[in-house]
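All remarks here apply to the structure that follows.
Number of protein chains: 2
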Amino acid sequence: MPEVRIDDHADASQERLEDATRLLREYLAGLGLKQSAQRDAILRIFLATRGHLSTEELHRLVKEHDATIGYTTVYRALKLFAECGLAAEVEFHDGVIRYEHRLNRRNHHHMVCTVCGDSVEFFSPEVEAIEHSIGEQFGYATTRHSFQIYGTCHACQIKQKEKSSAS
Amino acid sequence: MPEVRIDDHADASQERLEDATRLLREYLAGLGLKQSAQRDAILRIFLATRGHLSTEELHRLVKEHDATIGYTTVYRALKLFAECGLAAEVEFHDGVIRYEHRLNRRNHHHMVCTVCGDSVEFFSPEVEAIEHSIGEQFGYATTRHSFQIYGTCHACQIKQKEKSSAS
DNA sequence: ATTGCTGCAAACGATTTGCATGAGG
DNA sequence: CCTCATGCAAATCGTTTGCAGCAAT
């Protein structure tokens, strides 16, 4: 299980939270939707994470702060965040939808260890160029792409070597 | 709905089928598993397709040939094909697992229209290079990657334009 | 007041498994 | 014969929805 880290650099986080809250409110107002204390709480906790959370994982974190908030509310909040660009779906292709927040985050991709589930982020500007060039070539108006690398992380490679030499 | 095309270039297909059948038999034998008429039939029909089939779609094709073959058998056959390298999972991120066969197919990626679901295949050797370079950089032994581009195909762009100018 | 939000529970849909029966080695 | 494969039905599991009551505008 990859660990979920909480980011507590007070100053930068604070600013980020305010930006995000403002963005969310504007988005809601524009669609005639309403604010709620639950959404604010979920957003705050979501932004304080790094990494890639399933609805269930975020719900667990949220419950630690307010046990009355239900799974469905977290589920719908994440959809909302994704709609207004605060969150992006991350595709690890393990049957679970994960989200990461997109505030002050450079465009990046993920490499996932298929043994322990850990992941690292990497930057690869070429990939953006490929998206545009292929889109143009086939007459597609491209909106996004999905790129992941799968393999075995260094730690798991060592464990596997130990296991095989022991047997 | 993307259409499933049947490839009936008799000569090349025939050869391909024999290679694949041999590969499958060797794989089964190596694990102490057994051949069956159902698996042969499913493999034959699977190889005659192009594109990306869900279990259900392949089951539908298989039933046209032999209505007694059940969904579960097709499901398990596809897993088997994937294990022995005859098939690869294709990830379109729509909640359905799709497979494509991997005989005589260059490494390729997919660009998917998010409006009509159609897709085109493209080749991008740079992506392989990125996989290796990033893997090396972070100490991962990489095994594969997943790369898709999403957007709107030419036909759907036209339809959208017509719709918006009509309103 | 009206309309959206919440939280529960139930529905959903694809995938996966248990089991009795049938077939391959 | 023994083991695996099959096909049905049921279980699973994350996601999604319906609804009654609550809260925001």
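These protein sequence lines are chains R and U, in that order.
Using my numbering, read the first sequence as starting at 40 and increasing by one per residue.
Using my numbering, read the second sequence as starting at 40 and increasing by one per residue.
C-beta atoms are modelled at their ideal positions from N, C-alpha and C, and glycine is treated no differently.
Nearest residue (CA-CA) to residue i, options the options
| i | options | result |
| --- | --- | --- |
| Cys155 of chain U | U:Tyr114, U:Cys195, U:Phe161 and U:His140 | U:Cys195 |
| Ala59 of chain U | U:Asp79, U:Glu175, U:Thr111 and U:Phe161 | U:Asp79 |
| Thr111 of chain U | U:Asn143, U:Asp105 and U:Glu95 | U:Glu95 |
| Ile81 of chain U | U:Gly71, U:Ala126 and U:Asn146 | U:Ala126 |
| Gly178 of chain U | R:Leu92, R:His193 and R:Val101 | R:His193 |
| Leu142 of chain R | R:Tyr66, R:Leu119, R:Leu86 and R:Gly69 | R:Leu86 |
| Ile173 of chain U | R:Gln176, R:Glu170 and R:Val166 | R:Val166 |
| Arg64 of chain R | R:Gly124, R:His91 and R:Glu170 | R:Gly124 |
| Phe120 of chain R | R:Lys198, R:Val159 and R:Tyr66 | R:Tyr66 |
| Leu56 of chain R | R:Gly71, R:Ile84, R:His98 and R:Lys102 | R:Ile84 |
| Asp157 of chain U | U:Gly69, U:Arg89 and U:Tyr114 | U:Arg89 |
| Arg144 of chain R | R:Asp133, R:Val135 and R:Glu160 | R:Glu160 |
| Leu72 of chain U | U:Glu170, U:Arg115, U:Gln176 and U:His171 | U:Arg115 |
| Ile197 of chain U | R:Leu117, R:Ala106, R:Ser52 and R:Ala180 | R:Ala180 |
Limits of the unbroken alpha helix (DSSP H) element including residue i
| i | result |
| --- | --- |
| His104 of chain R | Thr94 to His104 |
| Val166 of chain R | Pro164 to Phe177 |
| Glu122 of chain R | Tyr110 to Glu122 |
| Ser79 of chain U | Per the sequence presented here, residue 79 of chain U reads as Asp, with Ser not at that position. Counting along the chain, the alpha helix (DSSP H) containing Asp79 of chain U begins and ends at Ala76 to Leu86. |
Within chain U, the residues that residue i reaches when beta carbons sit closer than 7 Å
| i | result |
| --- | --- |
| Ala180 of chain R | Gly190, Thr191 and Gln196 |
| Arg183 of chain R | Tyr189 |
Amino acids of chain R, ordered along the chain, whose beta-carbon sits closer than 8 Å to that of residue i
| i | result |
| --- | --- |
| Ser163 of chain U | Ile169 and Ile173 |
| Val135 of chain U | Neighbours of Val135 of chain U on chain R: none; closest Cβ ~11 Å, over 8 Å. |
| Glu130 of chain U | Glu130, His132 and Ser185 |
Proximity of residue i and residue j at Cβ, strictly below 7 Å
| i | j | result |
| --- | --- | --- |
| Phe131 of chain U | His147 of chain U | no |
| Glu139 of chain R | Val129 of chain R | yes |
| Arg137 of chain R | His184 of chain R | no |
| Ile108 of chain U | Gln77 of chain U | yes |
| Ser93 of chain U | Val135 of chain U | yes |
| Leu100 of chain R | Val113 of chain R | no |
Extent of the continuous beta strand (DSSP E) to which residue i belongs
| i | result |
| --- | --- |
| Ile188 of chain U | Ala180 to Thr191 |
| Arg137 of chain R | Arg137 to His140 |
| Ala126 of chain R | Ala126 to Val129 |
| Val154 of chain R | Where Val154 of chain R is concerned, there is no enclosing beta strand (DSSP E), given that its DSSP letter is neither H nor E. |
Neighbouring residues, chain R, relative to residue i (Cβ below 7 Å)
| i | result |
| --- | --- |
| Phe85 of chain U | By Cβ distance, chain R contributes nothing, its closest Cβ being about 21 Å from Phe85 of chain U, past 7 Å. |
Residues that residue i contacts on chain U, provided the C-beta gap is smaller than 8 Å
| i | result |
| --- | --- |
| Phe120 of chain R | Chain U residues near Phe120 of chain R: none, gap ~18 Å exceeds 8 Å. |
| Val159 of chain R | Phe177 and Tyr179 |
Sufficient close CB pairs (3 or more, under 8 Å) joining the segment 186-193 of chain U to the segment 150-164 of chain U:
Remark: three or more beta-carbon pairs, one from each stretch, lie closer than 8 Å, so the segment 186-193 of chain U and the segment 150-164 of chain U are flagged as touching.
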